[in-house]
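*Asks:* Chains as they are written, first to last, in numbering that gives the first Met the number 0: chain S, 0 to 206; chain W, 0 to 206. Ideal placement from N, C-alpha and C gives every residue a C-beta, glycine not left out.
There are 2 protein chains.
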Amino acid sequence: MIDPAIPRLYAYHRALREAKVSGKSTITSHGLAAMLGHSISSTQIRKDLSALGTLGRRGFGYAIDPLVEQLAFVLGLEQDWRVAIVGFGYLGHALATFITSRESRFKIASIFDVAPELIGTAWQGIVVADTSNMETIVQDAGCNIGVIAVPAPAAQATASRLASGGVRAILNFAPATLHLRAPVIVRNIDLAGEMSILTHWLTAADA
Amino acid sequence: MIDPAIPRLYAYHRALREAKVSGKSTITSHGLAAMLGHSISSTQIRKDLSALGTLGRRGFGYAIDPLVEQLAFVLGLEQDWRVAIVGFGYLGHALATFITSRESRFKIASIFDVAPELIGTAWQGIVVADTSNMETIVQDAGCNIGVIAVPAPAAQATASRLASGGVRAILNFAPATLHLRAPVIVRNIDLAGEMSILTHWLTAADA
Ligand SMILES: NC(=O)c1ccc[n+]([C@@H]2O[C@H](COP(=O)([O-])OP(=O)(O)OC[C@H]3O[C@@H](n4cnc5c(N)ncnc54)[C@H](O)[C@@H]3O)[C@@H](O)[C@H]2O)c1
Ligand SMILES: NC(=O)c1ccc[n+]([C@@H]2O[C@H](COP(=O)([O-])OP(=O)(O)OC[C@H]3O[C@@H](n4cnc5c(N)ncnc54)[C@H](O)[C@@H]3O)[C@@H](O)[C@H]2O)c1
Chain S
0 MIDPAIPRLY AYHRALREAK VSGKSTITSH GLAAMLGHSI SSTQIRKDLS ALGTLGRRGF
60 GYAIDPLVEQ LAFVLGLEQD WRVAIVGFGY LGHALATFIT SRESRFKIAS IFDVAPELIG
120 TAWQGIVVAD TSNMETIVQD AGCNIGVIAV PAPAAQATAS RLASGGVRAI LNFAPATLHL
180 RAPVIVRNID LAGEMSILTH WLTAADA
Chain W
0 MIDPAIPRLY AYHRALREAK VSGKSTITSH GLAAMLGHSI SSTQIRKDLS ALGTLGRRGF
60 GYAIDPLVEQ LAFVLGLEQD WRVAIVGFGY LGHALATFIT SRESRFKIAS IFDVAPELIG
120 TAWQGIVVAD TSNMETIVQD AGCNIGVIAV PAPAAQATAS RLASGGVRAI LNFAPATLHL
180 RAPVIVRNID LAGEMSILTH WLTAADA
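(1) Compare the C-beta of Leu15/S against all C-beta atoms of chain W and say whether one is closer than 8 Å.
(2) With a threshold of 7 Å, establish whether the CB of His12/W neighbours any heavy atom of ligand 2.
(3) Taking the alpha helix (DSSP H) that Ser41/S belongs to, which residues open and close that run?
(4) Straight-line CA distance for His178/S to Gln155/S?
(5) Under the DSSP definition of a beta bridge, which residues are partnered with Trp16/W?
(6) Is it the case that the Cβ atoms of Leu94/S and His12/S are separated by a distance below 8 Å?
(7) Classify Ser28/W as buried or exposed, calling it buried when 16 or more other Cβ atoms lie within 10 Å of its own Cβ.
(8) Return the chain-ordered ranges of every alpha helix (DSSP H) run that is complete within the stretch 114-171 of chain W and spans a minimum of 4 residues.
(9) Can at least three beta-carbon pairs, one atom from the stretch 189-198 of chain W and one from the stretch 199-206 of chain S, be found at a separation below 8 Å?
(10) How big is the Cα-Cα spacing for Asn132/W and Tyr89/S?
(11) With a 10 Å radius around its C-beta and 16 neighbouring C-beta atoms as the bar for buried, classify Glu68/W as buried or exposed.
(12) Sorted by chain position, which residues of the same chain lie with C-beta nearer than 7 Å to Phe59/W's C-beta, five sequence neighbours on each side aside?
(13) Could you tell me if the beta carbon of Phe59/S falls within a distance shorter than 7 Å of some heavy atom in ligand 2?
(14) Please state whether DSSP places Thr198/W in a helix, a strand or coil.
(15) Measuring CA to CA, which of Ser195/W, Ile107/W and Lys46/W is closest to Val126/W?
(16) Residue ranges of each beta strand (DSSP E) run of no fewer than 3 residues wholly in the stretch 50-91 of chain S, ordered along the chain?
(17) Select from the stretch 89-102 of chain W all residues with a C-beta closer than 7 Å to any C-beta belonging to chain S, and list them in chain order.
(18) Is Leu161/S near ligand 1, in the sense that its beta carbon is under 7 Å from a heavy atom of that ligand?
(19) Under 8 Å: do the stretch 99-114 of chain W and the stretch 98-112 of chain S share three or more Cβ pairs, one atom per stretch?
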């Protein structure tokens, strides 16, 4: 499945869970598009869901329960995931809070930093550790996903050490190119790139 | 141009500027892929650049200068952009620092919060304002882009007020659906969706 589709599937999964909680048992592609504030068209929704093998019934829409289950299956959200956060500054704090509040399947299982004022403090029951025993702590905590929120010069070493600790996928925010051997999956996030989507469309609109 | 291509173009733009600074005047698609840590294939690079009307010369590659200019043009990075940040907590701080350090075309021109301990403090010469005069301040500061980093319940009001102040595009991080009239462009960021790309691929790998 191509990457752009997955965040959309995640948005559907989230919205459908909310619809279910509010008592609905079926939904049309138009209803789902409306729930998403029309940030995704009903055409795109139908296309994505039929690519999963799910077809709505004309006049009826989709049954929510089986669709939520299928999306959870495809997204890997039928199991818990244990996340290691390295770099507990502004970004690390924002991510830790958001990730756990947003998706109960994501558990923050370890947090690392080098700042003395942070080490030893507790966040939601997790004690911030210094990085000296990162590999062991990550392994013992069973972390399968790592989040890198350290300054750029520290990113590569952090990535290698997370991989040694058994982490199999990394979300990297540091503005640095990471080199890791397969099978570790790395996804680089650059929010300035997201801003450039806005500036592209603003200048295209003026053109 | 479709959205997924734009962050790639932004990555090329950034890497090509670095290549130029390091003294290069030409680069091949393979060289550029290597600079990007092979997070994007050389095939994808050639595809994206030819879609812009730029073809490399076999054995020679691409001339960097004209390519950087063309990418800047397409991305809207030939002009400065003035950014309003609303919500100066953990995420707001991380974004303000990162955006300006990453892309000199993005200027933080106004910052808003409601917390008394933040209001009146200065960040890189910008005084954090309370939200009561947001529309006026945003207009006077000439902000064309807004970043929403407030809690979900405050997001819609924030968006409407930024739009009233003349903001034409919004990057929204709050987990809330925004309703705004055209022509304001809204882009919603959900980093839990990025995490689900990792969990999708990890479970697909196991399957
Ligand atoms: N990709 C994006 O869109 C994006 C957005 C915001 C920030 N960032 C990046 O994320 C990183 C963090 O940003 P921030 O605003 O939170 O900065 P910050 O300075 O507030 O936080 C960095 C934290 O990392 C810790 N640290 C430093 N070296 C370390 C090491 N070797 N191991 C463990 N921890 C270490 C510091 O003590 C600090 O607490 C920076 O690299 C920044 O450029 C990226
Ligand atoms: N989309 C994502 O991937 C993502 C990631 C991290 C955080 N978030 C979201 O971003 C937001 C901020 O997260 P955070 O960790 O920085 O939280 P935070 O509590 O540290 O910061 C929120 C800030 O907003 C201020 N605020 C509250 N109401 C306001 C209002 N009406 N106007 C202006 N400012 C107001 C608060 O005083 C505070 O400083 C939250 O909604 C969070 O869920 C989203």
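*Replies:* So, to answer that:
(1) no
(2) no
(3) Element bounds for Ser41/S: Ser41 to Ala50.
(4) When rounded, the separation of the alpha-carbon atoms in His178/S and Gln155/S is 7 Å.
(5) This sequence places Arg at residue 16/W; Trp is not what is there. Arg16/W is not bridged to any residue.
(6) no
(7) buried
(8) 133-139 and 151-163
(9) no
(10) 27 Å
(11) exposed
(12) Thr25
(13) no
(14) Thr198/W falls in the helix class under three-state DSSP.
(15) Ile107/W
(16) 80-85
(17) So the list reads Tyr89, Leu90, His92, Ala93, Leu94, Phe97, Ile98, Arg101 and Glu102, given in the order they occur along the chain.
(18) no
(19) no
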